[in-house]
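S.K.: Just so you know, UniProt numbering puts 84 at position 84 of the sequence shown, and the rest follows in order with no gaps. A virtual CB, placed ideally from N, CA and C, is assigned to each residue, including glycine.
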Amino acid sequence: MKVLIAGGAGYIGSTVGSACLDAGITPVVLDSLVRGRREFTGGRAFYEGDIADGGLVDRVFAEHPDIAAVVHCAALILVPESVANPIGYYDANVAKSLAFVGHLNRNGCDRVIFSSSGSIYRAEDGSPLNEDSPLAPQSPYARTKAVCEGMFADIATAGGPRVLSLRYFNPVGADPELRTGLQLKRPSHALGVLIQAHQQGRPFPITGVDWPTRDGSGIRDYVHVWDLAAAHVAAIERFDSILTGTKRSIAINLGTGSGTTVRELCAAFNNVVDTPLDTVDADPRPGDVAGGYTKSDRAAELLGWTPGLSLESAIRSALDWIPVRDRLLRD
């Protein structure tokens with residue numbers, strides 16, 4: 001079986017490609033390399049270009065007529081950048097996705113797995129979220145994901161490609177074999193900032209210690225990127241059993257099911273490193289919320305998927321990836 005991975009040279013897409021290879025599925029990569037890395041495409045059929053380029057998409061399907069499904073990971077994903085440049089984000093994430101699904105439809109593709117995001121939910125009070133929880137995206141980036149979900153669902157209902165939207169929560173870690181990982185030298189997510197604080201020998205600030213969570217610190221749902229990749233393989237293999245008959249689209253949350261507080265994240269980090277990280281309590285930053293985490297009942301039922309890797313293993317792989325990244329990627 002072949003699968004086209006749009007954005008397959010990025011962090012998530014390249015990891016999904018590795019998981020596909022390990023499962024006997026052949027990935028075909030389409031990536032503009034705006035954020036993806038050519039180094040992540042080794043040993044894979046690779047087409048450099050834009051998902052909105054109809055001629056290129058036609059060529060991919062002409063040269064690989066046995067593509068059975070598409071994993072659509074191509075997107076810009078930085079929240080602060082989306083606030084500063086909403087036009088660019090709506091163009092890259094929504095307008096080009098609309099063009100892309102049209103090209104897929106023209107080429108007879110009926111199976112799309114869309115990389116969505118848990119950021120589309122209202123996650124403010126630390127409570128668990130399921131697929132029916134209220135949506136309230138708080139950034140242009142998150143709104144592009146919500147818009148795309150609705151757009152794809154409408155197109156599917158009208159007879160276009162069926163779509164399975166996987167709502168990721170907070171991916172962390174690297175491919176356990178260190179084939180791929182985060183491209184950024186200094187990632188801005190919580191684990192990245194925590195690693196930088198540890199490297200620089202300074203305390204990590206826990207911003208907000210009076211939230212309505214089990215230890216007062218904010219809560220998020222950190223899921224190992226390799227577990228996410230395994231969920232994509234399950235989605236590919238079970239696609240037709242999930243979307244049958246008149247059911248043309250569905251969303252599935254991907255997370256741990258329990259969440260991790262900031263204090264628990266720091267404790268897990270200290271379980272991995274030799275020199276403990278110091279922390280300091282601090283006031284919440286403007287715009288901070290308690291956060292939330294997902295229930296994973298639907299993923300277990302429909303995908304047969306539950307996360308199997310620990311937060312410690314994700315942290316360890318992220319740390320192991322740093323020297324590999326510095327050797328592999330030339331900034």
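(1) List the residues that DSSP assigns as beta-bridge partners of residue 232.
(2) Is the Cβ-Cβ distance between residue 228 and residue 12 less than 9 Å?
(3) Which stretch, first to last residue, makes up the alpha helix (DSSP H) that contains residue 165?
(4) Sorted by chain position, which residues of the same chain lie with C-beta nearer than 7 Å to residue 147's C-beta, five sequence neighbours on each side aside?
(5) Just to confirm the assignment, what range does the alpha helix (DSSP H) spanning residue 265 have?
(6) CB residue 307 to CB residue 256, shorter than 9 Å?
(7) Here's the rule I'm using: 16 or more other beta-carbon atoms within 10 Å means buried, otherwise exposed. How should residue 183 be labelled?
(8) For residue 53, tell me which candidate among 35, 31, 68 and 240 has the shortest Cα-Cα distance.
(9) So what does residue 291 bridge to, in DSSP terms?
(10) By Cβ distance, which residues of its chain are closer than 8 Å to residue 232, with the 5 residues on each side in sequence left out?
(11) Who does residue 58 pair with in a DSSP beta bridge?
(12) Looking at the secondary structure, which residues open and close the beta strand (DSSP E) in which residue 66 lies?
(13) Tell me the DSSP secondary structure of residue 140 in three-state form.
(14) Residue 11 lies in the alpha helix (DSSP H); which residues open and close that run?
(15) What separation, rounded to the nearest whole angstrom, lies between the Cα atoms of residue 45 and residue 64?
(16) Hey, out of 128, 130 and 152, whose CA is closest to residue 96's CA?
M.R.: The short version:
(1) Here residue 232 corresponds to residue number 232 of the sequence shown, with the count starting at 1. Looking at the DSSP assignment, residue 232 forms no beta bridge with any residue, so it has no partner.
(2) Taking the sequence shown and counting its residues from 1, the one referred to as residue 228 is at position 228. Taking the sequence shown and counting its residues from 1, the one referred to as residue 12 is at position 12. If you check the CB distance, residue 228 and residue 12 come in under 9 Å.
(3) For the purposes of this step, residue 165 is taken as residue 165 along the sequence shown, with counting starting at 1. In the DSSP assignment, residue 165 falls outside any alpha helix (DSSP H) and lies within the beta strand (DSSP E) extending over 162 to 168.
(4) In the sequence shown, counting from the first residue as 1, residue 147 sits at position 147. The answer, listed in chain order, is 94.
(5) For the purposes of this step, residue 265 is taken as residue 265 along the sequence shown, with counting starting at 1. Secondary structure note for residue 265: its alpha helix (DSSP H) is the uninterrupted segment 262 to 272.
(6) Here the question's residue 307 lines up with position 307 in the sequence shown. Here the question's residue 256 lines up with position 256 in the sequence shown. Closer than 9 Å, so yes.
(7) Counting from 1 along the sequence shown, the entry for residue 183 is found at position 183. With a 10 Å radius around the Cβ and a threshold of 16 neighbouring Cβ atoms, residue 183 comes out buried.
(8) As a first step, residue 53 must be located in the sequence shown, where it is residue number 53. Answer by Cα proximity: 31.
(9) Counting from one through the sequence shown, the residue named residue 291 turns up at place 291. The partner list for residue 291 (beta bridge, DSSP) reads 219.
(10) For the purposes of this step, residue 232 is taken as the residue at position 232 of the sequence shown. Excluding residues up to 5 positions away in sequence, 16, 19, 20, 71, 113 and 166 lie with their Cβ nearer than 8 Å to the Cβ of residue 232 in the same chain.
(11) Numbered from its first residue, the sequence shown carries residue 58 at position 58. Its beta-bridge partners do not exist; DSSP assigns none.
(12) Here residue 66 refers to the residue found at position 66 of the sequence shown. Per DSSP, residue 66 lies in no beta strand (DSSP E) and is assigned neither H nor E.
(13) Taking the first residue of the sequence shown as 1, we reach residue 140 at position 140. The answer is helix: DSSP assigns residue 140 an H, G or I state.
(14) On the sequence shown, residue 11 is found 11 positions in, with the first residue counted as 1. Note, residue 11: alpha helix (DSSP H), 11 to 22.
(15) Position 45 of the sequence shown, counted from the start, is the residue given in the question as residue 45. Position 64 of the sequence shown, counted from the start, is the residue given in the question as residue 64. Taking the straight line from one Cα to the other gives about 10 Å.
(16) Stepping through the sequence shown from its first residue, residue 96 is reached at position 96. Measuring C-alpha to C-alpha distances from residue 96 to each of 128, 130 and 152 identifies 152 as the nearest.
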